[in-house]
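In my numbering, the protein residues as written are 8 to 795.
Yeah, the Cβ is synthetic: ideal placement off N, Cα and C, and Gly gets one too.
All figures in this text were calculated on a predicted structure; none of them were measured in a lab.
Here is the structure we will look at.
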């Protein structure tokens, strides 16, 4: 009797799985890891051989192996479903086939046993139970016909969104209350606006595709208009009620060689005692380093600002090659000044353009002051023949400000490049990876607080500082970080309001560099770094890629957080430099004293490359290159180039267990975690970078921020999954969601429209290449039904 095709395939699969598990299981055992995978490989191989010999012992051996695996899985992972899935799911499916009459006939068992029925019944039961569990957990509360209050807010300003974070404090909180936990289920799409194509003339096909005007901005709502920018710095004004475009300013940027075409927002200013054109202004900073002032009514440049409405941000910068310096965040407007930093290209060379922070007069565009880390006590333009200090830490994210104290709070990055610091100056060391409070009138440093000493991990501070007032009136500042630490400081002087501890960290720097023996940890606040990775936490879709991930974990150097990057092997970076908490920062409900936090947990693998090898491999600036080890950074001027890659299995899934993203709330009164949930499902992600379509609550990587409202709601997009969601701020219960055309990697805004007496929620759904969340040019607005 011949072996059927189905059984041949089955035996081949067993043999292949056995060989792979013997290979990686054997290496894992030699590296000091679990011996299970080698034993599993031998068991698979033996079952394949016995099946080929038509021996009934194949069934017995597989049964014993399955029971042993079940015991081992429960011992190692407990009852965690995500942890058990790769250990048991594949074995269960293969075992079910061995119950079929086809396989039983192969090994000479009687056909009167209804094996096919057992197989299909078992498989169907498993699938049905899984689907019921998945979709039942994915259900939302039924949208009832709860009452809607159409009365306008008593204060018209409460219905606006005047700054990137609604206020200069960056709380991302709105006092609006029309949309409530009871009626949020009635939210419906109100309008969609599409940006269309840029007038930028790209030079290749890929750039032509990229010239679609993707959007990552948070709109401002001033009067009855929305103002925002696109990835190519077009500035747009829309009717807030209908989404109708009112005007568009195209700055005709030179965007060649710009690594990330992003504009996160614009700024607004009312000129005191002015009437007529440019009495109200919209400001944008561009990818080709210009600061532009536009009339808020018409979109026309303000002629009295700089040169025909523009100020060059290259003054005093010296030689700036294309792509090395540009602006992605809006200016901060305080006391009649526009304060802004800039993005300096990561990881390319020493002596890149300066990370100087500058202020300009909001009316004339005249230079006001500079904070140059290389000369922190000199606030003017550089003398003739000199430049702002090159290679200094920059401030690329959004700043906050306190009008009463007259302070601007700037989050800072690294001196360039990121992964080697032997060349850095004492001033670089003092102000890098920190939050720096500057006098808004002079640019003088009032205080600074460093979140990572001698940062060699790209832990630049990406999050906007968030200003909050404690119940006793103490003015506080929350500084989230990529490390997952949130530092709670007194914003008057930078002193910690929640305990900060200096703790020892791993050592052993490469030649020419050094390490700080300790690093600051925010012991008085919850950490969002995620659990410390162990071999047992390594994940995968199957036992095979789980074994592969365990081998990679054992090969890597890992001694805990802030393990230094070395030469001989890859270093595991926990958390990865996506975060923790990235530029989406946190939002705060000041009434409930709740802080909403969305965090990501994806590990990275980093390694230094000796300069001779880097030259042999032609690792050159200006943009990161893809190589065998991931992204390659030239780091010219240092002894080493660098390589960095996400810690993924060969199936393209993260090597650590889910959740890969969380959404949480912290009670600021007690400084404890109030609730925490996996953030997002696997609907738009899966193995091999494919979209699974399954609403598995796996928690996914996320970029973007949240907003809170006085009614007790939190709105957020951010996830790799293409959704906008509403949560009950007090409980974390998901109450509403809407499908987006691409990832909503922007902070939403919420505002009041007097025309229909409705509260709107608006988000840019542009997607993000690194997040694999699609690409779109859409801005989406949602509102409750109109008044009958």
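Backbone CA spacing between residue 387 and residue 346 [nearest angstrom]: Approximately 14 Å, taken between the alpha carbons.
| said: For a quick check, are the C-beta atoms of residue 349 and residue 363 less than 9 Å apart? | reply: Residue 349 places its beta carbon less than 9 Å from that of residue 363.
Practice prompt. Check whether the Cβ atoms of residue 668 and residue 706 lie closer than 9 Å to each other.
Written response: Less than 9 Å separates the beta-carbon of residue 668 from that of residue 706.
* Residue range of the alpha helix (DSSP H) that includes residue 551 -> Under the DSSP assignment, residue 551 falls in the alpha helix (DSSP H) whose first and last residues are 550-562.
Open item on the list: Closest to residue 665 by C-alpha separation, out of 548, 64, 393, would be which residue?
Closed with: That would be 548, whose Cα lies nearest to the Cα of residue 665.
Item to check | Whole-angstrom distance between residue 695 and residue 73, CA atom to CA atom | outcome: CA-CA distance, residue 73 to residue 695, rounds to 27 Å.
Problem - Sequence-distant residues of the same chain with beta carbon closer than 6 Å to residue 646, five excluded per side - result: Hits under 6 Å: 519, 618.
Check: Bridge partners of residue 200, per DSSP?
Finding: Note: residue 200 sits in a beta bridge opposite 786.
Within the same chain, show all residues whose beta-carbon is closer than 7 Å to that of residue 380, passing over the 5 residues directly before and after it, in chain order.
For residue 380, same chain residues with a beta-carbon under 7 Å away, outside a window of 5 residues either side, are 362, 396, 399, 400, 434, 435, 438 in chain order.
* Can you name the residues that DSSP bridges to residue 454? -> Answer by DSSP bridge pairing, in chain order: 444.
Item to complete: Using the DSSP secondary-structure output, state which residues sit across from residue 673 in a beta bridge.
Response: Looking at the DSSP assignment, residue 673 forms a beta bridge with 602, 680.
Q.
Excluding the 5 residues flanking residue 499 on each side, which residues of the same chain have their C-beta closer than 7 Å to its C-beta?
A. Counting only Cβ-Cβ distances below 7 Å, and skipping sequence neighbours, we find 412, 482.
- Per-residue burial, residue 12 [other beta carbons within 10 Å of its own, 16 or more giving buried]: By the 10 Å Cβ count, residue 12 comes out exposed.
Exercise for review: Going by DSSP, name the residue or residues bridged to residue 487.
Suggested key: Looking at the DSSP assignment, residue 487 forms a beta bridge with 493.
*asked:* For residue 559, count the other beta carbons within 10 Å of its own beta carbon; 16 or more makes it buried, fewer makes it exposed. Which is it?
replied: By the C-beta density criterion, residue 559 is buried, having at least 16 other C-beta atoms within 10 angstroms.
Give me the residue from 382, 488, 661 with the minimum Cα distance to residue 419.
Comparing Cα-Cα distances from residue 419 to each of 382, 488, 661, the minimum goes to 488.
- With distances taken Cα to Cα, identify the nearest neighbour of residue 237 among 166, 783, 359. Relative to residue 237, the option among 166, 783, 359 whose CA is nearest is 783.
* Boundaries of the alpha helix (DSSP H) in which residue 437 is found, first to last residue -> Residue 437: member of the alpha helix (DSSP H) spanning 433-438, first to last residue.
Item to complete: Tell me, please, whether the segment 170-187 touches the segment 714-727 by the rule of three or more beta-carbon pairs shorter than 8 Å.
Response: Result yes; three or more Cβ-Cβ pairs closer than 8 Å.
- Taking C-beta to C-beta, are residue 605 and residue 534 nearer than 9 Å? No, they are not a contact pair.
| message | Short of 7 Å in beta carbon distance, which residues of its chain neighbour residue 18, apart from the five on each side in sequence? Order them along the chain. | response | For residue 18, same chain residues with a beta-carbon under 7 Å away, outside a window of 5 residues either side, are 55, 58, 59 in chain order.
For the alpha helix (DSSP H) containing residue 83, list its first residue and its last residue. Unbroken alpha helix (DSSP H) run through residue 83: 64-84.
key: Ranges of the beta strand (DSSP E) found wholly within the segment 233-264, counting only runs of at least 3   = Segments of the beta strand (DSSP E) lying fully in the segment 233-264: 242-246, 252-256.
TODO: Return the chain-ordered list of same chain residues with a C-beta closer than 6 Å to the C-beta of residue 681, the five sequence neighbours on each side being excluded.
DONE: So the list reads 672, 674, once near-sequence residues are dropped.
Margin query: So residue 226 and residue 240 are supposed to be a Cβ contact under 8 Å. How far apart are they, rounded?
Written below: Taking the Cβ atoms as the reference, residue 226 lies roughly 15 Å from residue 240, outside the contact range of under 8 Å.
- Cα-Cα separation, residue 375 to residue 288: Taken atom to atom, the span from the alpha-carbon of residue 375 to that of residue 288 is near 19 Å.
Given 8 Å as the limit, is there contact between the segment 316-327 and the segment 274-284, that is, 3 or more CB pairs closer than that?
No, the segment 316-327 is not in contact with the segment 274-284.
### Task
Measure from the alpha carbon of residue 195 to the alpha carbon of each residue in 762, 44, 732, 342, then state which is nearest.
Closest by alpha carbon: 732.
State the DSSP-derived secondary structure class of residue 590, mapped to helix, strand or coil.
It is coil, neither helix nor strand.
Exercise. Just mark residue 67 as buried or exposed, buried being the case when its beta carbon has 16 or more other beta carbons within 10 Å.
Key: Here residue 67 is exposed. Its C-beta has fewer than 16 other C-beta atoms within 10 Å.
- Message: On the criterion of 16 or more Cβ atoms from any shown chain inside 10 Å, does residue 762 qualify as buried, or is it exposed?
- Response: With fewer than 16 neighbouring CB atoms inside 10 Å of its own CB, residue 762 falls in the exposed class.
Length of the line joining the Cα atoms of residue 793 and residue 250: Taking the straight line from one Cα to the other gives about 16 Å.
Please say whether residue 568 and residue 710 have beta carbons closer to each other than 9 Å? Between residue 710 and residue 568, the C-beta spacing is not below 9 Å.
Using the C-alpha atoms, what's the distance from residue 513 back to residue 83? Rounded to whole angstroms, residue 83 to residue 513 spans 27 Å at the Cα level.
* Who are the Cβ neighbours of residue 65 in its own chain at under 7 Å, not counting the five residues just before and after it? -> Result list for residue 65: 54, 57, 58, 114, in chain order.
Which value, in whole angstroms, describes the spacing of the CA atoms of residue 801 and residue 223?
-> Residue numbering for the chain in the displayed model covers 8 to 795; residue 801 lies beyond these limits and cannot be assessed.
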